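Trainee: Below is a structure I'd like to ask you about.
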Amino acid sequence: MRLYVNVDHVATVRQARRAAEPDPVAAALLCERGGADGITVHLREDRRHIRDDDVVRLRERAGTVLNLELATAPDIVALATRLVPHQATFVPERREEITTEGGLDLTSPAIRADPRLAESIARLKAAGIRISLFINPDPAVIDRAKALGVEAVELHTGEYSHTYRESARELDRLKRAAAHARTVGLAVHAGHGLTYDNVQAVAGIPEIEELNIGHSIVSRAIAVGIEQAVREMRGLVDAPR
Ligand code: PXP
Numbered sequence: 000m001r002l003y004v005n006v007d008h009v010a011t012v013r014q015a016r017r018a019a020e021p022d023p024v025a026a027a028l029l030c031e032r033g034g035a036d037g038i039t040v041h042l043r044e045d046r047r048h049i050r051d052d053d054v055v056r057l058r059e060r061a062g063t064v065l066n067l068e069l070a071t072a073p074d075i076v077a078l079a080t081r082l083v084p085h086q087a088t089f090v091p092e093r094r095e096e097i098t099t100e101g102g103l104d105l106t107s108p109a110i111r112a113d114p115r116l117a118e119s120i121a122r123l124k125a126a127g128i129r130i131s132l133f134i135n136p137d138p139a140v141i142d143r144a145k146a147l148g149v150e151a152v153e154l155h156t157g158e159y160s161h162t163y164r165e166s167a168r169e170l171d172r173l174k175r176a177a178a179h180a181r182t183v184g185l186a187v188h189a190g191h192g193l194t195y196d197n198v199q200a201v202a203g204i205p206e207i208e209e210l211n212i213g214h215s216i217v218s219r220a221i222a223v224g225i226e227q228a229v230r231e232m233r234g235l236v237d238a239p240r
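Quick note: the sequence shown uses numbering that gives the first Met the number 0, first residue 0, plus one each step.
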């Protein structure tokens, strides 16, 4: 299982003061020392946390790989084409949201009629970037992702993280979706809302090969430091295998 650590919220603290610290790139290097297999950042259109310069510096300095989350904004697609991160994960983006709220609804008439996603995928693929799409764990959406010619899907675990204490329904949905994605030939990633309490059931789903985790690790880092926070998550993620 690959553990990719999302350092957006290190930049959130920096931007709260428009200061120079804490530096998400320095944090990323510590995450790597703690056992991260990759670093994830979301360059949002409003640049509310990660900025272009962070992505440039991460591309230069990360010792592992960079997974860039993005929507289809032309300037961000152009930056990705220039920097060539290892992986680009397309996510839906609404300015007023606090965090990414749902997966890309690839079956909706609006997205199907909009050429921007397919065009952006084609541009980044031509640059040699591995493409993943962040989607809800829904077989019909997985089939659309396959038709778009991407390598991977990242299953949205937000609903699971909200309901896992009361019901196994969302975990079952993730298991079925992961099996379906693998059957149609897609690599399976997962993320959003995963914590030290709820990660292990998801890490135990055999088809899932990559987890993207941010908020919980950055929160734990306040108590124990980010290297140790990653080391602890690494242990939980590896245990079910
Ligand atoms: N995966 C995707 C596609 C995301 O947008 C996010 C949040 O930026 C995450 C994973 C990480 O979510 P969290 O911060 O809740 O761990």
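By construction, the Cβ of each residue, glycine as well, lies at the ideal position given by its N, Cα and C atoms.
Computed from a predicted model, the values in this text were never measured in an experiment.
For Tyr159, which of helix, strand or coil comes out of DSSP?
Mentor: Locating residue 159 in the sequence shown gives position 160, counting from the first residue. Helix at Tyr159.
Trainee: Between the beta-carbon of Arg1 and the beta-carbon of Glu231, is there less than 8 Å?
Mentor: In the sequence shown, the residue the question calls residue 1 occupies position 2. In the sequence shown, the residue the question calls residue 231 occupies position 232. No.
Trainee: So what's Val152 in DSSP terms, helix, strand or just coil?
Mentor: For this step, residue 152 is matched to residue 153 along the sequence shown. Val152: strand per DSSP, three-state reduction.
Trainee: Is any heavy atom in ligand 1 found nearer than 7 Å to the beta carbon of His48?
Mentor: Here residue 48 corresponds to residue number 49 of the sequence shown, with the count starting at 1. No.
Trainee: Quickly, what does DSSP pair Tyr3 with across the bridge? List them, please.
Mentor: Taking the sequence shown and counting its residues from 1, the one referred to as residue 3 is at position 4. Tyr3 is bridged to Gly37, Asn211.
Trainee: Looking only at C-alpha atoms, which of Glu96, Ile216, Lys145, Ala167 sits nearest to Asp45?
Mentor: Start at 1 with the first residue of the sequence shown, and residue 45 comes out as number 46. Selected option, being the one with the closest Cα: Glu96.
Trainee: With a 10 Å radius around its C-beta and 16 neighbouring C-beta atoms as the bar for buried, classify Pro108 as buried or exposed.
Mentor: What you label residue 108 is simply residue 109 of the sequence shown in a count that begins at 1. With fewer than 16 other Cβ atoms within 10 Å, it is exposed.
Trainee: What residues sit near ligand 1, counting only those whose C-beta is closer than 6 Å to one of its heavy atoms, in chain order?
Mentor: Taken from the N-terminal end onward, the list reads Asn5, Asp7, His41, Glu68, Thr88, Val90, Thr98, Thr99, Phe133, Glu153, Gly190, His191, Gly192, Leu193, Asn211, Ile212, Gly213, His214, Ser215.
Trainee: Just how far apart, CA to CA, sit Glu150 and Leu116?
Mentor: Sequence index remark: in the sequence shown, residue 150 carries index 151 (1-based). Sequence index remark: in the sequence shown, residue 116 carries index 117 (1-based). Rounded to the nearest angstrom, the two C-alpha atoms are 15 Å apart.
Trainee: Please go through the same chain and pick out, in chain order, the residues whose beta-carbon is closer than 6 Å to the beta-carbon of Gly102, but skip the five residues on each side of it.
Mentor: By one-based count along the sequence shown, residue 102 stands at place 103. Hits under 6 Å: Phe133, Ile134, Asn135, His155.
Trainee: Do Ile207 and Ala228 come within 8 Å of each other at the CB atom, strictly closer than that value?
Mentor: Here residue 228 refers to the residue found at position 229 when the sequence shown is read from its first residue. Here residue 207 refers to the residue found at position 208 when the sequence shown is read from its first residue. Cβ distance not < 8 Å, so Ala228 and Ile207 don't count as in contact.
Trainee: Is it a yes or a no for the segment 184 to 198 touching the segment 19 to 35, going by three-plus beta-carbon pairs under 8 Å?
Mentor: Cβ pair count under 8 Å is below three, so no.
Trainee: Measure the alpha-carbon distance for Gly213 versus Arg219 and round it to whole angstroms.
Mentor: Here residue 213 corresponds to residue number 214 of the sequence shown, with the count starting at 1. Here residue 219 corresponds to residue number 220 of the sequence shown, with the count starting at 1. If you take the alpha carbons of Gly213 and Arg219, they lie about 10 Å apart.
Trainee: When the Cα atoms are used, what is the spatial distance from Thr11 to Ile221?
Mentor: Walking along the sequence shown from the start, residue 11 turns up at place 12. Walking along the sequence shown from the start, residue 221 turns up at place 222. Distance between the alpha carbons of Thr11 and Ile221 is about 14 Å.
Trainee: In its own chain, which residues sit with a C-beta less than 6 Å from the C-beta of Gly62, not counting the 5 before and 5 after it?
Mentor: For the purposes of this step, residue 62 is taken as residue 63 along the sequence shown, with counting starting at 1. Once the five neighbours on either side are set aside, the close Cβ partners of Gly62 are Glu31.
Trainee: Between the alpha carbons of Leu67 and Arg168, how many angstroms are there, rounded?
Mentor: Reading the sequence shown from its first residue, position 68 is the one you call residue 67. Reading the sequence shown from its first residue, position 169 is the one you call residue 168. The alpha-carbon atoms of Leu67 and Arg168 are separated by roughly 30 Å.
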